[in-house]
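Using our numbering, read the sequence shown as starting at 4 and increasing by one per residue. Here a beta-carbon is modelled for each residue, glycine too, at the ideal position from N, C-alpha and C. Working notes, beginning with the structure itself.
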Amino acid sequence: MGFGSYDESEQERQQSNDDEDVEGVSAHEHEHEGTVNVESDVSTDALVERLGEIKNEE
4 MGFGSYDESE
14 QERQQSNDDE
24 DVEGVSAHEH
34 EHEGTVNVES
44 DVSTDALVER
54 LGEIKNEE
């Protein structure tokens, strides 16, 4: 096969091999319910100012 060639038989083999090796994964396996609270001694204005500094550094 040359560069950019397409062989459907290769695609079919790949799909059949993938189907055999894959185990199912639940999309909800790692869901958690709850809240997150962050406490900080830094004011919102100071954080926004620091964010601006970081963006200017880039």
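Proximity test, Cβ basis, 8 Å: residue i and chain E
i, result
"E32", "Checking the listed chains, one finds no chain E in this structure; it contains a single protein chain."
Alpha-carbon to alpha-carbon, residue j and residue i
i, j, result
"E34", "V51", "31 Å"
"A49", "E26", "48 Å"
"E56", "V45", "16 Å"
"E36", "A30", "15 Å"
"E42", "N59", "26 Å"
"E61", "V28", "39 Å"
"E32", "V39", "20 Å"
"N20", "T47", "Only weak support exists for where N20 lies, its pLDDT of 49 falling under 50; the coordinates are left without a value."
Exposed unless 16 or more other CB atoms sit within 10 angstroms - verdict on residue i
i, result
"R53", "exposed"
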